[in-house]
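Numbering (my numbering), first residue to last: 3 to 424.
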């Protein structure tokens with residue numbers, strides 16, 4: 003997930019269009035066509051931070067807000083059950099994120115708490131959600147009219163350098179782990195921090211191999227390009243990017259470069275395009291950088307709870323460009339063009355960001371996005387692959403690798419084998 007520090011700027015520049023969006027959704031034939039496709043194919047979103055949003059703002063209590071109601075008028079949440087239904091979401095990877103600046107031991111404990119939060123969300127609404135751990139689970143649960151709930155860890159620091167703990171997370175239902183978040187770990191380089199390893203350390207390679215053995219998907223969102231390449235070299239199973247966009251469209255290190263996209267057909271995995279405005283809009287990315295520079299020049303904290311009036315004045319004088327659905331479509335199209343139709347998916351990062359592109363108000367937006375793609379020539383078969391078939395195929399491939407390795411002994415590799423960074 004991404005924790006933006008531009009709350010004041012968002013307040014100044016946001017354009018709220020929920021009523022218009024709902025009205026359009028009721029009459030748009032393209033969206034109706036998209037919903038018909040999603041009746042038969044589960045749309046699987048790769049990354050949603052509702053558990054963290056509940057932890058931050060609602061006392062970590064799934065009952066603190068009524069998820070059975072559309073919450074956009076009363077909360078900042080992007081996710082609730084009516085909008086999940088309107089969006090045709092059939093499978094959701096819930097992120098069990100905890101901050102990268104925690105000590106690994108604390109991160110491990112709080113990750114368990116986040117897993118508990120996901121389980122409590124599901125338990126609170128058993129008529130809507132069911133925990134899923136396999137591709138077949140997702141298909142079955144969607145066929146029963148409910149939403150398959152899967153779990154993904156966001157940041158390898160959560161395993162506290164322990165392959166035993168990694169295995170316990172898998173036993174608890176975790177089906178992917180993002181190898182890093184915003185900071186380089188003791189065994190893998192992050193895209194947004196100074197490198198220590200030139201990709202993966204030797205122990206990091208053992209982590210990837212053990213993830214293959216136990217059937218946990220290797221998620222390369224947030225990692226450096228070198229880590230992407232190392233992980234794809236080491237992994238015997240396909241990898242995923244749970245919430246990343248295309249670097250050639252928006253030149254940000256968090257996005258996937260073309261040389262990696264070109265490897266996806268051989269790898270067999272999927273890049274799940276995210277909707278984070280600063281990742282999909284080059285103009286907004288540039289504005290964010292200018293905003294940060296202005297805060298630095300003024301010597302103020304851009305994320306302060308009470309923003310500095312001078313920074314507010316600058317933001318008002320320099321309106322932030324808005325990302326749009328067209329920007330999102332451009333990234334999806336680019337991933338398809340370079341990696342191929344079999345290797346593109348969707349990972350919105352809802353409730354992990356403080357603003358969304360115009361036309362996207364929450365998890366209900368998927369039919370609008372799919373309708374825009376079909377207006378650009380995508381077929382129904384293409385939409386089914388994007389929505390869920392590519393992810394299901396990747397999950398089954400990961401499960402098959404794990405089944406083939408079932409007789410292998412668990413790895414006992416020591417943490418930091420190969421030496422700690424200086």
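Glycine is no exception: its CB is placed at the ideal position from the N, C-alpha and C atoms.
Please work out which residues of its chain come closer than 7 Å, Cβ to Cβ, to residue i, disregarding the five sequence neighbours upstream and downstream, and give them in chain order.
i	result
residue 349	47, 48, 49, 244, 245, 274, 275 and 276
residue 400	217, 219, 239 and 240
residue 310	300 and 302
residue 124	131, 132, 133 and 151
residue 281	247, 252, 254, 256 and 257
residue 234	241, 265 and 269
residue 390	43, 44, 45, 46, 92 and 93
Along the alpha helix (DSSP H) that carries residue i, what are the first and last residues, could you check?
i	result
residue 368	368 to 377
residue 205	204 to 216
residue 401	392 to 406
residue 331	327 to 341
Kindly indicate the opening and closing residues of the beta strand (DSSP E) around residue i.
i	result
residue 352	Looking at the DSSP string, residue 352 is not in any beta strand (DSSP E), and its letter there is neither H nor E.
residue 93	91 to 97
residue 132	131 to 133
residue 221	219 to 221
residue 123	Careful: residue 123 lies outside any beta strand (DSSP E), inside the alpha helix (DSSP H) at 106 to 126.
By a C-beta neighbour count over all protein chains shown, 10 Å radius and 16 as the cutoff for buried, is residue i buried or exposed?
i	result
residue 305	exposed
residue 43	buried
residue 208	buried
residue 25	With a pLDDT of only 42 at residue 25, under 50, the local geometry of the prediction cannot be trusted, and the value read off the model is given with reservation. Label assigned to residue 25: exposed.
residue 200	exposed
residue 23	Its pLDDT being 43, under 50, residue 23 is placed unreliably in this model, and the value from its coordinates should be taken loosely. Under this definition residue 23 is a buried residue.
residue 68	exposed
residue 70	exposed
residue 156	buried
residue 298	exposed
Quick one: what does DSSP say residue i is sitting in, helix, strand or coil?
i	result
residue 177	strand
residue 281	helix
residue 362	coil
residue 48	strand
residue 251	coil
residue 151	strand
residue 296	helix
residue 227	helix
Within its chain, find whatever has a CB closer than 6 Å to the CB of residue i; leave out the 5 residues flanking it on each side and keep chain order.
i	result
residue 289	322 and 323
residue 36	369, 372 and 373
residue 398	137
residue 316	296
residue 342	267
Between residue i and chain D, is any beta-carbon pair separated by less than 7 Å?
i	result
residue 170	Included in the structure is just one protein chain, with no chain D present.
Residues in the same chain with beta-carbon distance under 8 Å from residue i, minus the five sequence neighbours each way, listed in chain order, please.
i	result
residue 292	320
Touch test, the segment 167 to 175 against the segment 188 to 196, Cβ-Cβ under 8 Å, three pairs minimum: no
Touch test, the segment 109 to 124 against the segment 144 to 160, Cβ-Cβ under 8 Å, three pairs minimum: yes
Touching by the beta-carbon criterion (3+ pairs, under 8 Å), the segment 311 to 318 and the segment 377 to 386: no
Contact between the segment 96 to 106 and the segment 79 to 86 (3+ Cβ pairs under 8 Å): no
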